[in-house]
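Per the numbering used here, the sequence shown starts with residue 17, numbered consecutively.
Note that beta-carbon positions come from the ideal geometry of N, C-alpha and C, so glycine has one too.
Predicted model, so just to flag it, every value in this text is computed and none were measured.
Structure, as structure tokens:
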Amino acid sequence: MQPDDLVLLTGRNDQRVTDAAREVSRLPGTRARVEGRVLDVTDSEAVARLADDLRARYGGVDIVLSNAVARLLPEESQVERADEFIDVSNTATHSILRAFGPVLRPGGRLLVVASSLGTLGHLDARLHHLFDGATLDQVEYAVESWRSAIHHRTAREAGWPVWLNVPSKVAQVAAVRALAAERREHDVATDTLIAAVCPGMVDTATSRPWFSDYSQAQSPAQAAEAVLDLVFSDHVDPALYGELVRSGKALDWHDGTPPVEQDRLVTP
Numbered sequence: 017m018q019p020d021d022l023v024l025l026t027g028r029n030d031q032r033v034t035d036a037a038r039e040v041s042r043l044p045g046t047r048a049r050v051e052g053r054v055l056d057v058t059d060s061e062a063v064a065r066l067a068d069d070l071r072a073r074y075g076g077v078d079i080v081l082s083n084a085v086a087r088l089l090p091e092e093s094q095v096e097r098a099d100e101f102i103d104v105s106n107t108a109t110h111s112i113l114r115a116f117g118p119v120l121r122p123g124g125r126l127l128v129v130a131s132s133l134g135t136l137g138h139l140d141a142r143l144h145h146l147f148d149g150a151t152l153d154q155v156e157y158a159v160e161s162w163r164s165a166i167h168h169r170t171a172r173e174a175g176w177p178v179w180l181n182v183p184s185k186v187a188q189v190a191a192v193r194a195l196a197a198e199r200r201e202h203d204v205a206t207d208t209l210i211a212a213v214c215p216g217m218v219d220t221a222t223s224r225p226w227f228s229d230y231s232q233a234q235s236p237a238q239a240a241e242a243v244l245d246l247v248f249s250d251h252v253d254p255a256l257y258g259e260l261v262r263s264g265k266a267l268d269w270h271d272g273t274p275p276v277e278q279d280r281l282v283t284p
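Shown next as structure tokens:
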């Protein structure tokens with residue numbers, strides 16, 4: 017990072033964003049300018065305005081990390097929290113991809129933090145056609161169909177699992193794959209990377225309630241290393257482009273098995 021580089025941290029809470037920006041700016045070795053910006057990623061127009069503003073001011077962006085999540089506790093109703101969860105995890109991801117894909121400069125990185133649950137095999141086979149080879153428009157339609165099925169109490173009979181995290185993560189990865197499919201030739205030629213990233217099990221306030229044993233979980237700082245390895249790699253491995261990446265390797269999109277529905281089920 018150089019002194020004229022800008023690191024922009026976003027979040028919904030003004031005080032937390034301000035505090036985070038201050039903390040990062042004071043880290044040893046920080047040379048770039050660090051700023052905080054209030055942004056609700058579920059507001060598609062606000063996401064688009066930020067992307068347009070950065071293009072107008074700086075000509076584009078070099079690194080975009082999408083890592084928003086809605087905290088969900090085991091005792092909470094998956095149905096009652098569905099709209100918020102889908103808005104944060106999926107609608108927001110679609111907005112980030114649509115707004116920041118066009119302003120990503122050659123050689124840049126656009127990474128969506130997902131999960132190993134994001135491979136297609138974790139869904140019932142009846143649902144695979146909704147996401148396999150889908151365009152971003154088709155992924156958005158599939159997500160809204162899932163949302164509607166939840167509201168109409170028809171999700172289970174259609175094959176959707178009760179646990180929101182499974183279809184949500186599959187849809188996230190499918191959205192990344194959709195955008196990447198449109199841009200692959202140009203991006204690979206310019207050493208640009210669009211991918212989903214699975215950092216593995218991470219010990220956070222969001223994940224801890226779901227695990228009976230988190231002794232092997234990484235700290236957030238340790239988990240960030242897998243993401244930063246992709247950000248700062250000298251060259252993009254074409255095998256990783258558009259894929260779900262874990263520990264530097266692409267996971268098989270068609271791998272996985274549908275989960276057994278139970279109260280505490282977690283795969284990092």
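(request) Report the residue from Val57, Gln94, Glu100, Tyr74 whose alpha carbon sits nearest the alpha carbon of Asn83. (result) Val57
(request) Give me the Cα-Cα distance between Glu160 and Pro122, rounded to the nearest whole angstrom. (result) 32 Å
(message) Less than 9 Å between the beta carbons of Arg87 and Thr222, yes or no?
(response) yes
(request) Look at Gly134 and His270 and say whether their C-beta atoms are less than 9 Å apart. (result) No Cβ-Cβ contact shorter than 9 Å links Gly134 with His270.
(message) Assuming Ala48 is part of the alpha helix (DSSP H), what are its boundary residues?
(response) Element bounds for Ala48: n/a, residue is neither H nor E.
(request) State the start and end residues of the unbroken beta strand (DSSP E) segment that holds Asp78. (result) 77-82
(request) Alpha carbon to alpha carbon, how far is Ser41 from Gln31? Give it in angstroms, no decimals. (result) If you take the alpha carbons of Gln31 and Ser41, they lie about 15 Å apart.
(message) Comparing C-alpha positions only, which one of Asp35, Val50, Val186, Ala196 sits nearest to Leu24?
(response) Ranking the options by Cα distance to Leu24, first place goes to Val50.
(request) Please state whether DSSP places Gly175 in a helix, a strand or coil. (result) coil
(request) Could you give the DSSP three-state label for Gly134: helix, strand or coil? (result) helix
(message) Short of 8 Å in beta carbon distance, which residues of its chain neighbour Asp99, apart from the five on each side in sequence? Order them along the chain.
(response) Arg163
(request) Check each candidate in Arg28, Ser105, Arg114 and name the one with the smallest Cα separation from Asp68. (result) Arg114
(request) Mind the definition here: the region 186-200 touches the region 145-156 only if three or more C-beta pairs lie below 8 Å; say whether that holds. (result) yes
(request) Tell whether a beta-carbon distance below 9 Å holds between Trp129 and Pro215. (result) According to the sequence shown, residue 129 is Val rather than Trp. Yes, the Cβ-Cβ distance between Val129 and Pro215 is below 9 Å.
(request) Go through its chain and collect everything with a Cβ distance to Val33's Cβ below 8 Å, but skip five positions before and after it. (result) Leu25, Thr26, Gly27, Gly52, Arg53, Val54
(request) With DSSP as the reference, label Gln31 as helix, strand or coil. (result) helix
(request) Leaving out five residues on either side along the sequence, give the residues of the same chain with a beta carbon under 6 Å from the beta carbon of Ser60. (result) Ser111
(request) Could you say which of Asp103, Val218, Asp20, Ser263 lies nearest to Gln234 if we only look at CA atoms? (result) Its Cα nearest to that of Gln234, the residue Val218 stands out among Asp103, Val218, Asp20, Ser263.
(request) Consult DSSP for Gln94 and reduce its assignment to one of helix, strand or coil. (result) coil
(request) Just list the beta strand (DSSP E) runs in the region 190-259, keeping only unbroken ones of 3 residues or longer that don't cross its boundaries, in chain order. (result) 209-213
(message) If you follow the beta strand (DSSP E) that Arg125 is in, where does it begin and where does it stop?
(response) 120-129
(message) Could you compute how far the alpha carbon of Ala141 sits from the alpha carbon of Gly175?
(response) 8 Å
(request) Can you give me the start and stop residues for the alpha helix (DSSP H) that Ala67 sits inside? (result) Where Ala67 is concerned, the enclosing alpha helix (DSSP H) starts and stops at 60-74.
(message) Please report the straight-line C-alpha distance between Ala240 and Leu81, rounded to a whole angstrom.
(response) About 11 Å.
(request) Whole angstroms is fine: what's the gap from Trp179's alpha carbon to Asn106's? (result) 15 Å
(message) Tell me which residues share the same chain as Val77 and place their Cβ nearer than 7 Å to its Cβ, disregarding the 5 neighbours each side in the sequence.
(response) Leu70, Phe116, Val119, Leu120, Arg121, Gly124, listed in sequence order.
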